[in-house]
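Note sheet for the following structure.
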Amino acid sequence: MKVLHIDCSVRNEASLSRQLSGFFVTELRNKEPGLALDYLDLGAAAPDHVSALFIEGNYTSPERRTPEMIAELAASDKLIGRLHDADVYVIGMPMYNFTVPSNFKVFIDNVVRTGMTFRIQGMVSEGLLVNKKVYVINTRGVDFSHEAIKPMDQLVPYLKTIFAFIGLDDAQFIDVFPVKFSSEEVREKAIAAARQTISACVRELCALVGA
Ligand SMILES: Cc1cc2nc3c(=O)[nH]c(=O)nc-3n(C[C@H](O)[C@H](O)[C@H](O)COP(=O)(O)O)c2cc1C
Numbered sequence: 044m045k046v047l048h049i050d051c052s053v054r055n056e057a058s059l060s061r062q063l064s065g066f067f068v069t070e071l072r073n074k075e076p077g078l079a080l081d082y083l084d085l086g087a088a089a090p091d092h093v094s095a096l097f098i099e100g101n102y103t104s105p106e107r108r109t110p111e112m113i114a115e116l117a118a119s120d121k122l123i124g125r126l127h128d129a130d131v132y133v134i135g136m137p138m139y140n141f142t143v144p145s146n147f148k149v150f151i152d153n154v155v156r157t158g159m160t161f162r163i164q165g166m167v168s169e170g171l172l173v174n175k176k177v178y179v180i181n182t183r184g185v186d187f188s189h190e191a192i193k194p195m196d197q198l199v200p201y202l203k204t205i206f207a208f209i210g211l212d213d214a215q216f217i218d219v220f221p222v223k224f225s226s227e228e229v230r231e232k233a234i235a236a237a238r239q240t241i242s243a244c245v246r247e248l249c250a251l252v253g254a
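Note that the numbering used here has the sequence shown beginning at 44, numbered continuously upward.
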């Protein structure tokens with residue numbers, strides 16, 4: 044099993060999404076020491092925004108691309124290679140302004156590419172990242188169990204749509220809230236529940252791959 048571990052928080056030690064995604068990977072490693080692991084820190088260094096040349100290159104068939112187009116697409120090619128290489132993605136994802144951090148959106152713009160992560164046949168699209176398990180550990184400051192706040196969630200619906208488009212239709216969301224605008228007791232309860240859910244996910248995953 045190969046795991047791609049992705050973090051998006053711009054914070055380091057203080058980041059809860061990093062702590063919990065790290066906990067997931069550590070638990071998994073304890074159960075399967077031979078685990079192959081790749082780590083992508085989007086909070087530390089996001090990919091470049093896509094450019095006009097990137098888009099032109101992307102829609103030019105590979106054999107007709109100019110050296111400039113090839114160079115512009117190189118970093119995206121590498122990121123897509125890492126996505127294809129891994130069997131499991133573990134993503135630490137804070138909510139920023141009701142959606143994903145902009146570094147993750149830039150990552151998505153870099154990796155959603157025709158012929159590489161999806162293809163269109165007639166009117167139908169087909170995702171090309173198949174047989175992957177995806178775990179999104181999503182930390183939020185606010186209590187989204189309140190009916191008035193629930194519709195403001197633009198993170199899970201967005202990720203479900205874009206992940207399914209590229210073939211990742213089995214994403215599991217571990218939502219951790221409220222971790223900021225709450226008492227210390229409520230925050231600790233949410234974190235403890237998340238750790239339990241993560242441990243259960245790890246057990247399930249190991250059973251699935253026969254570890
Ligand atoms: C720029 C910014 C925007 C945020 N926007 C929201 C938000 O829209 N809804 C929410 O519930 N929490 C929001 N928060 C709180 C974070 O989601 C929460 O504190 C999360 O744990 C931060 O992740 P981290 O601990 O991994 O850095 C925001 C925090 C930051 C820094």
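Glycine included, each C-beta is placed from N, C-alpha and C at the ideal position. Nothing here was measured: the structure is a model prediction, and the numbers come from that model.
Which residue or residues does DSSP assign as beta-bridge partners of residue i?
i	result
Pro-144	DSSP lists no partner for Pro-144.
Val-154	Note: Val-154 sits in no beta bridge, so no partner.
Met-136	Asn-181
Phe-45	Checking the sequence shown, residue 45 turns out to be Lys, not Phe. The partner list for Lys-45 (beta bridge, DSSP) reads Ala-79.
Ala-214	Val-177
Asp-84	Asp-50
Val-131	Val-46, Lys-176
Val-219	Thr-182
Can you give the beta carbon distance from residue i to residue j, rounded, assuming they're within the 8 Å contact cut?
i	j	result
Val-93	Asp-152	5 Å
Phe-224	Val-185	6 Å
Glu-75	Leu-96	Not confirmed; about 42 Å, so no contact.
Leu-116	Gly-100	5 Å
Leu-59	Val-179	Not a contact, Cβ separation roughly 14 Å.
Determine the closest residue to residue i out of the options, with distance taken between C-alpha atoms.
i	options	result
Leu-85	Ser-52, Arg-183, Ser-58	Ser-52
Asp-218	Ser-145, Thr-182, Phe-208, Ala-191	Thr-182
Asp-128	His-48, Glu-228, Arg-230, Asp-212	His-48
Ile-192	Asn-140, Tyr-102, Asn-73	Asn-140
Ala-79	Ser-60, Leu-59, Ala-57, Val-131	Val-131
Tyr-201	Ala-237, Gly-100, Met-138	Met-138
Ala-214	Ser-188, Asn-174, Tyr-102	Asn-174
Ala-87	Arg-72, Tyr-102, Asn-55	Asn-55
Phe-150	Glu-190, Ile-113, His-189, Leu-83	Leu-83
Phe-208	Asn-73, Lys-45, Val-154, Thr-103	Val-154
Arg-72	Asp-212, Val-133, Asn-146, Lys-203	Val-133
Gly-210	Arg-230, Met-44, Val-177, Ala-237	Val-177
Ser-119	Tyr-102, Ser-145, Thr-142, Pro-90	Pro-90
Ile-45	Ser-58, Gln-62, Gly-77	In the sequence as displayed, the identity of residue 45 is Lys instead of Ile. Checking every option, the nearest Cα to that of Lys-45 belongs to Gly-77.
Asp-50	Thr-103, Ala-114, Glu-247, Val-143	Val-143
Cys-249	Glu-70, Ser-58, Ala-57	Glu-70
Phe-220	Ala-235, Val-245, Ile-113	Ala-235
Gln-197	Lys-148, Glu-227, Leu-59, Ser-60	Lys-148
Phe-206	Arg-61, Asp-81, Arg-156, Glu-190	Arg-156
Leu-172	Val-252, Thr-204, Asp-212	Asp-212
Mind listing, in chain order, the continuous beta strand (DSSP E) runs of no fewer than 3 residues lying wholly within the region 161-186?
-> 161-164, 167-170, 176-182
Per the contact definition of three or more C-beta pairs closer than 8 Å, is the region 144-162 in contact with the region 122-131?
-> yes
Mind the definition here: the region 92-110 touches the region 167-184 only if three or more C-beta pairs lie below 8 Å; say whether that holds.
-> no
Per the contact definition of three or more C-beta pairs closer than 8 Å, is the region 61-81 in contact with the region 231-241?
-> yes
Ranges of the alpha helix (DSSP H) found wholly within the region 221-253, counting only runs of at least 4 | 227-252
Segments of 4+ residues assigned as alpha helix (DSSP H) that fall wholly inside the region 90-120 | 95-101
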